[in-house]
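Protein chains: 2
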Amino acid sequence: MKRGRRPGETKTRDAIVDAARRSFARAGYDRTTIRAVAQDAGVDPALVMHFFATKEHLFAAAIQLPFDAESEIAALREAGREHFGEGLARLFFRVWEDPATGGAMVSLLRSASSHEDAAQRMRDLLDARIVQPLAGALDAPEARLRASLVSSTLVGLGFARYVLRLEPIASADPEVLIPALGRTLQVCLTEDIFNTG
Amino acid sequence: MKRGRRPGETKTRDAIVDAARRSFARAGYDRTTIRAVAQDAGVDPALVMHFFATKEHLFAAAIQLPFDAESEIAALREAGREHFGEGLARLFFRVWEDPATGGAMVSLLRSASSHEDAAQRMRDLLDARIVQPLAGALDAPEARLRASLVSSTLVGLGFARYVLRLEPIASADPEVLIPALGRTLQVCLTEDIFNTG
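Chains as they are written, first to last, in numbering that gives the first Met the number 0: chain A, 0 to 196; chain B, 0 to 196.
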């Protein structure tokens, strides 16, 4: 017999997680309440508590990368080391320019910076889903340091372009930026840049 | 006759701004209250209202770059174009590694991401104090686009290392990271990286 939740229960749980994601994105961690999430999902607050017990658990369920990072990184690795930077740059814009996935990324950044619990969740998420797979795909010394430098560059562009909307990088065409971002990521990924004595 | 506030008034105002900066850093924009700031500064809430009227005005007074960006950028320009990237990397760590100025930068990032008004203040601040002076110091096509890409890279490293504390970049020695950051900034500043057709 297959274990797991009944279909109706899964659907309700998914609706709650969707509502939570919207609320964390719009209102941030602190201003999100179990009550408001329940209302948005069309369920009783007690049901939200039944599934998640605390806001922290609800947040953990709501934050996920809105794309399959491991598969994407594996595909970039196939394409060859010299195209890795540009491939990552294309992936970045594909994720962030799409309103659905981009909105989820903005939500992640906003929540992470407003609250220490949320920051820790996001740190764990980035480590497991980006830094480690990326480091594994790199055949270079200081692979994890490179992978975390790449992550910081991508987080910075996400923050500057989509959260702060700093100009002119906020309005520049992705096709103008892709070679620039690709080149700087390629430097982080493959050049002999660290002073490790 | 010299215009301006009496010395006692200036001192009180400074104490309020200091308290506000601490509160925005620790609690974020939303959870900061006029009442709590007044209490921390040892003054009556009415006095905070007298000087600043709204939390938004208090925030505008509290966010400032904790270093003289224009002078620093002018000095880097003097050192010559080929050292610009590494000079900026050294400046980054000098500002962020010092508890006083680094704390102020973390506060800026946290506040900016939690609230749209705060994001706009930070965007204006970065534009006026970093992007424009940096673009002015660059003798390269797409100077403002380069300057905003450099800003996004620096914001990303600040966010990843000091807010998220993503490893291993969070614990790496600045002396290991300076050449890496310097090299990537130099690429952003001077290489032919944009696809402007």
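Beta carbons are placed, not taken as given, at the ideal position from N, Cα and C, and that holds for glycine. Since this is a predicted model, take the numbers as computed values, not measurements.
* Closest to S170 (chain A) by CA distance: which of B:L144, B:T100, B:T53, B:F23 is it? -> Minimum Cα distance to S170 (chain A) is reached at B:L144.
* Best match in B:A45, B:I72, B:E166 for proximity to V127 (chain B) [C-alpha to C-alpha] -> With the sequence shown as reference, residue 127 (chain B) is identified as Ala, and Val is not the correct amino acid for it. Of the residues B:A45, B:I72, B:E166, the one whose Cα lies closest to the Cα of A127 (chain B) is B:I72.
* Asked: What's the gap between the Cα of R12 (chain B) and the Cα of Q185 (chain A)?
  -> So the alpha carbons of these two residues sit roughly 49 Å apart.
* **Coarse secondary structure for H56 (chain A), derived from DSSP in three states** => If DSSP states are grouped into helix, strand and coil, H56 (chain A) belongs with the helices.
* C-beta contact flag for L107 (chain A) and M121 (chain A) at 8 Å -> Against a cut-off of 8 Å, the Cβ pair of M121 (chain A) and L107 (chain A) comes out as a contact.
* What's the call for G155 (chain A), buried or exposed, on a 16-neighbour Cβ count within 10 Å? -> G155 (chain A) comes out buried.
* In three-state terms, what does DSSP make of H82 (chain B)? -> Reduced to three states, the DSSP call for H82 (chain B) is helix.
* **the region 126-156 of chain B: positions lying closer than 8 Å to chain A by Cβ** => Cβ contacts with chain A: D126, V130, R143, L144, S147, L148, S150, S151, T152, L153, V154, G155, L156.
* Roughly how many angstroms separate the alpha carbons of A61 (chain A) and L125 (chain A), rounded to a whole number? -> Within the model, the alpha-carbon separation for A61 (chain A) versus L125 (chain A) is close to 15 Å.
* Asked: What number of angstroms, rounded off, separates the C-alpha of R34 (chain B) from the C-alpha of P44 (chain B)?
  -> Distance between the alpha carbons of R34 (chain B) and P44 (chain B): 5 Å.
* Per-residue contacts from E85 (chain B) into chain A (C-beta, under 9 Å) -> Those within 9 Å of E85 (chain B) in chain A number zero; the least Cβ separation is about 11 Å.
* Asked: So, are the CB atoms of A52 (chain A) and L148 (chain B) less than 8 Å apart?
  -> Cβ atoms of A52 (chain A) and L148 (chain B): not closer than 8 Å.
* Asked: Once you ignore the five residues that flank E69 (chain A) on each side, which residues in its own chain have a CB closer than 6 Å to its CB?
  -> Counting only Cβ-Cβ distances below 6 Å, and skipping sequence neighbours, we find P132.
* Taking DSSP as the reference, what is the three-state secondary structure of I62 (chain B)? -> Coil, per DSSP.
* To do: Output the residue ranges of the alpha helix (DSSP H) runs that lie fully inside the region 84-121 of chain B and measure 4 residues or longer, sorted by chain position.
  => Fully enclosed alpha helix (DSSP H) runs of 4 or longer: 98-113.
* Show which residues of chain D have a CB atom less than 9 Å away from the CB atom of L108 (chain B). => Annotation note: the requested chain D is absent from the structure, which comprises protein chains A and B.
* Just how far apart, CA to CA, sit G181 (chain A) and E8 (chain A)? -> Computed Cα separation, rounded: 44 Å.
* To do: Assign K10 (chain A) to buried or exposed, taking buried as 16 or more other Cβ atoms, counted over all protein chains shown, within 10 Å of its Cβ.
  => Per the 10 Å Cβ criterion, exposed.
* Asked: Nearest chain B C-beta to R76 (chain A) closer than 8 Å, yes or no?
  -> Chain B, which has no Cβ nearer than 8 Å to the Cβ of R76 (chain A), makes this no.
* Below 8 Å between beta carbons: does that hold for A24 (chain A) and R109 (chain A)? -> A distance below 8 Å separates the beta carbons of A24 (chain A) and R109 (chain A).
* **Contacting residues, own chain, Cβ-Cβ under 6 Å from A103 (chain A) (five flanking each side not counted)** => If we look at A103 (chain A) and ignore the five residues flanking it on each side, its Cβ neighbours are P65.
* Using a Cβ cut-off of 8 Å (strictly closer), state whether E167 (chain A) contacts chain B. => Position check: residue 167 (chain A) holds Pro in this sequence, whereas Glu was assumed. Output row for P167 (chain A): interface = yes.
* Asked: In chain B, what lies closer than 8 Å to T195 (chain A) by C-beta?
  -> Against chain B, a Cβ distance below 8 Å from T195 (chain A) picks out V175.
* Asked: Since T183 (chain B) is in the alpha helix (DSSP H), which residue starts that stretch and which ends it?
  -> Per DSSP, the unbroken alpha helix (DSSP H) holding T183 (chain B) starts and ends at 173-189.
* Asked: Within 10 angstroms of its Cβ, does G79 (chain B) collect 16 or more other Cβ (buried), or is it exposed?
  -> G79 (chain B) sits exposed, since fewer than 16 C-beta atoms from the chains shown fall within 10 Å of its C-beta.
* Answer yes or no: does any C-beta atom of chain B fall closer than 8 Å to that of V94 (chain A)? => With its beta carbon at least 8 Å from every one in chain B, V94 (chain A) lies outside the interface.
* Over what stretch of residues does the alpha helix (DSSP H) that includes D17 (chain B) continue unbroken? -> Element bounds for D17 (chain B): 6-30.
* Please compile the residues from chain B whose C-beta is within a distance smaller than 8 Å of the C-beta of E55 (chain A). => Under the 8 Å cutoff, chain B gives no residues; its nearest Cβ is about 17 Å from E55 (chain A).
* Please decide whether R89 (chain A) counts as near chain B, where near means a Cβ-Cβ distance under 8 Å. => Chain B, which has no Cβ nearer than 8 Å to the Cβ of R89 (chain A), makes this no.
* Cut-off 6 Å between Cβ atoms - residues of its own chain near G101 (chain A), not counting five sequence neighbours on either side -> Within the same chain, G101 (chain A) has close Cβ partners W95.
* Leaving out five residues before and five after E55 (chain A) in sequence, what residues of the same chain have Cβ atoms less than 6 Å from its Cβ? -> Cβ within range, chain order: D116.
* To do: Throw me the rounded Cβ distance for the E141 (chain B) and T195 (chain B) pair, which I believe falls under 8 Å.
  => Between T195 (chain B) and E141 (chain B) the Cβ distance is about 7 Å, and since that is below 8 Å, they are a contact.
* To do: Return the Cβ separation of I177 (chain A) and E85 (chain A) in integer angstroms, given the expectation that the two are a contact with Cβ distance under 8 Å.
  => Separation of the CB atoms of I177 (chain A) and E85 (chain A) is rounded to 7 Å, and the pair is thereby assigned contact status at 8 Å.
* Nearest candidate by alpha-carbon position, reference R21 (chain B), set B:F58, B:F50, B:R5 -> Residue B:F58 is the option with its Cα nearest to R21 (chain B).
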